[in-house]
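And the structure:
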């Protein structure tokens, strides 16, 4: 029988002295390390360090690294033996214990170091530095709390309140081992102890008996020492942490014990729990591993056999025995090292590191959502679907970094594995918050979303399941896969771009936008909701009905070559809604000799196979010089572009600008146009004037379709101005006023030479002392320049501002009695700011 003890300060000091020396030798090797891994090249990450830990390739970690996801910025919690300050954890480990390590000694007083926690932490997050091995999330930080720490420090509560978002638990309480008549352990033919099998009903009943105590314990800070580990983890799960638990090493016929069955009493935290079984390198369940059993709906599998990771060992400084006597003499040192271990204890940290990588990949997701991604992207093993051995299957980072594969509800879980009350949420609510915004505010896992995925992200997996998707947040989410999930899709905020397909109905609420060039089952845009086909100009396909309610928005982008956004649907129901037209922002028209004219163009913006019912409320151009009209013809809705009554010079502010605007007005239609297009310029309709004034009303039908005509690039550019300032800036640039401004400024700034020469003469004659000219007795002098000037504008031209800095240098001397001879040089720089940023 072994006895457990804790190292005291004598051994710790010896260890620290050794580690300091070890760190010096390590530093020089790390300084020379250069990362050979390259973005976009998974194979480049499979270095010797990577290959020493076979589990990394088994979970396809290299594909995440090739996308830039390494767990950076994420903190992992580990409840286990004390973690050694190993070189693999340099600069990334925080320990929330009483400072002592774990070790044991046998009946002969031979001692061994408790290295389990160090091995576990290394699998999850050891550094990638070219030596030893590295963890799954090698850029993540680690916070360690001892499992049995009954000192003064409240490490468990500190871990709950810490930034750690995922907590590894590679521990458990084993069942009894069967004994023979002589009291000896019975061994199975496979070499494993014959553990007594847990019974599902007994395990669940044990949890339920303790439910009230666990609930009470989880609602208040965990006290120092002796507190129920189950209550600790329940509290952590309620605080938004992901709890990863090893299934146990009690043979395949066994099932996880009560600690790992907590969701049966508290189904609301099931999505924050993951149980992990141990796979061998042939994707078989290790003979030692407990199966998922009744926890299958929240259980996955990961490598756990012969895993190489960081460890520590006790060594003698004198070469003698490693025992109590040597320890009492201060002759022992803790040495960092590496070694192989097996068990679900090794499988669990694979999933913990996996989760940390995904938390970097999806910084906006909660722990429960990360758990869903892990489960639904796992590679199925054994029986099809969720099964009692492997649960959801082997975790797979290659697929997981592309988003979830299922929106899970109760209907997706086999009845034999369903935990009553779990998977009750029908919607997967994803918040793409926008860059710099806070997610999970007011919780211990509150954080600012600072990566690009916080503003725009895409999921490329094919998503199935009975659940639906709700998009919130100001950012954009693009769905690229062939999605067959049957629940509804809601766009409540920001943009949801369907660039693949969604079979379900899509509802767009106030503040939400449906975009993309893919396919949806049907959509309904309610008041304030927007539909914007394409990514740029494109077509949104609708298998069934497209519905616009009053107050909704249909945003259409058009180009001068006849292209436009479009919706293709089976049927369309238009109960109102506005068509908002904008011009495609593409190349600079001023760089071309010729441009196609927008005027007279006809676009089809909505087409159906079974007809259009109703009409839009109005059509609104975003431009003062462009009018749009709608044409309802059978199964289609068309859009025409005409010219408003407003003249270009109506927005100019000076006579120069107005003259240029009037000149541009004459550039229209370098090629003959149709009579319809001519009339639209020469005699705008009353409806066009009404649209310009912003009065709602039904747009006039376009009665004549026209083909694109050639137009002058300057004229076409003016059509695309959205404000008076844009026109004023353009007319100023075209007027050439900047050249006159420059000449005026040069003449004005020449006074610096004149005034400085005059001041220097007066200074030399002693008639006046100029404080800004510094001179010595030999006639050498210098003056620093710095001034600002401006010219006021009027009805003819805009003004400008100048700023000048520089230095003037000179040397002079008296020439006889009535003169001075000298030279002067210098450097000046003048910047000129004309009107409208010219």
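Numbering (mature numbering (1 follows the signal peptide of the UniProt record, and there is no 0)), first residue to last: -31 to -1, 1 to 807. Where a beta carbon is used, it is the ideal one built from N, C-alpha and C, also for glycine.
- Note on residue 289: under 16 other CB atoms within 10 angstroms of its CB, so exposed under the neighbour-count rule.
- For residue 260, the three-state secondary structure derived from DSSP is coil.
- Within the segment 763 to 801, the runs of beta strand (DSSP E) that reach at least 3 residues and sit entirely inside it are, in chain order, 769 to 784.
- Under the three-state reduction of DSSP output, residue 514 falls in the strand class.
- For residue 476, the uninterrupted beta strand (DSSP E) segment begins and ends at 470 to 477.
- Shown here for residue 381: same chain residues with a beta carbon closer than 8 Å to its own, the five before and five after excluded, namely 375, 392, 434, 435, 436 in chain order.
- The segment 173 to 186 makes no contact with the segment 92 to 109; the number of CB pairs closer than 8 Å stays below 3.
- For the 7 Å CB-CB criterion, residue 474 and residue 491 form a contact.
- In the three-state DSSP reduction, residue 423 falls in the helix class (H, G or I).
- Excluding residues up to 5 positions away in sequence, 163, 220 lie with their Cβ nearer than 8 Å to the Cβ of residue 157 in the same chain.
- With respect to the 7 Å criterion, residue 334 and residue 276 are not classified as neighbours on the basis of their beta carbons.
- In this structure, DSSP gives residue 13 a helical state, which the three-state scheme calls helix.
- Residue 214: member of the beta strand (DSSP E) spanning 211 to 215, first to last residue.
- Bridge pairing for residue 168: absent [DSSP].
- For residue 110, the pairing in a beta bridge is given by DSSP as 44.
- Runs of the alpha helix (DSSP H) lying entirely within the segment 46 to 110 and spanning at least 4 residues, in chain order: 85 to 94.
- Our two residues, residue 585 and residue 690, have alpha carbons roughly 25 Å apart in a direct line.
- Residue 610 carries a strand assignment under DSSP once its states are collapsed to helix, strand and coil.
- In this structure, the alpha-carbon of residue 233 lies about 31 Å from that of residue 310.
- Here residue 572 carries a strand assignment [DSSP, helix/strand/coil].
- Membership of residue 321 in the alpha helix (DSSP H) is indicated by the continuous run 313 to 330.
- With contacts defined as CB atoms closer than 7 Å, residue 794 and residue 718 fail to qualify as a contacting pair.
- Contact between residue 637 and residue 684 is confirmed by a C-beta separation of about 5 Å, below the 8 Å threshold.
- For the set 550, 522, 360, the Cα lying nearest the Cα of residue 529 is the one of 550.
- With respect to the 7 Å criterion, residue 588 and residue 595 are not classified as neighbours on the basis of their beta carbons.
- Within the same chain, 102, 277 come within 6 Å of residue 22 by CB-CB distance, once the 5 residues on both sides are set aside.
- For residue 399 and residue 463, the gap between their C-alpha atoms comes out near 11 Å.
- Non-local C-beta neighbours of residue 476 in its own chain, meaning closer than 6 Å and more than five positions away in sequence, comprise 459, 493, ordered along the chain.
- Here residue 536 carries a strand assignment [DSSP, helix/strand/coil].
- Shown here for residue 113: same chain residues with a beta carbon closer than 6 Å to its own, the five before and five after excluded, namely 47, 52, 64 in chain order.
- In this structure, DSSP gives residue 529 a state outside helix and strand, which the three-state scheme calls coil.
- Under the criterion of beta carbons closer than 8 Å, residue 321 and residue 135 qualify as touching, at roughly 5 Å.
- Rounded to the nearest whole angstrom, the C-alpha separation of residue 83 and residue 359 is 30 Å.
- If you draw a 10 Å sphere on the C-beta of residue 790, you find fewer than 16 other C-beta atoms in it, and that means exposed.
- Within its own chain, the residues whose Cβ lies closer than 7 Å to the Cβ of residue 227, once the five positions on either side in sequence are excluded, are 172, 175, 176, listed in chain order.
- When DSSP states are grouped into helix, strand and coil, residue 384 belongs to the helix group.
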